[in-house]
Amino acid sequence: MVFTLPAEVGAIAFHNKALIYDLLFRAASETMQIIAADPKHLGARIGITAVLHTWARR
Numbered sequence: 001m002v003f004t005l006p007a008e009v010g011a012i013a014f015h016n017k018a019l020i021y022d023l024l025f026r027a028a029s030e031t032m033q034i035i036a037a038d039p040k041h042l043g044a045r046i047g048i049t050a051v052l053h054t055w056a057r058r
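According to the numbering used here, the sequence shown is numbered sequentially starting from 1.
Okay, here's the thing in structure tokens:
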């Protein structure tokens, strides 16, 4: 599953990496856990491994 920040948030994320990436990981995690817990989908608790992929070449 891929969660992407809109380009408009890029400048904010660049100057506030810890805050923005923490929010992104929390939102992604909560979203997947809520959907997975729903009996219409999986009806289970899930584990998550998350990786941050940036387009920076540095």
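Yeah, the Cβ is synthetic: ideal placement off N, Cα and C, and Gly gets one too.
Closest option to Ala37, judged by alpha-carbon separation, among Glu30, Arg45 and Met1: Arg45. Within the same chain, and ignoring the five residues on either side of Ala50 in sequence, the residues whose Cβ sits closer than 6 Å to its Cβ are Phe25. Taking C-alpha positions only, Leu19 is separated from Thr4 by approximately 15 Å. Membership of Lys17 in the alpha helix (DSSP H) is indicated by the continuous run Lys17 to Ala37.
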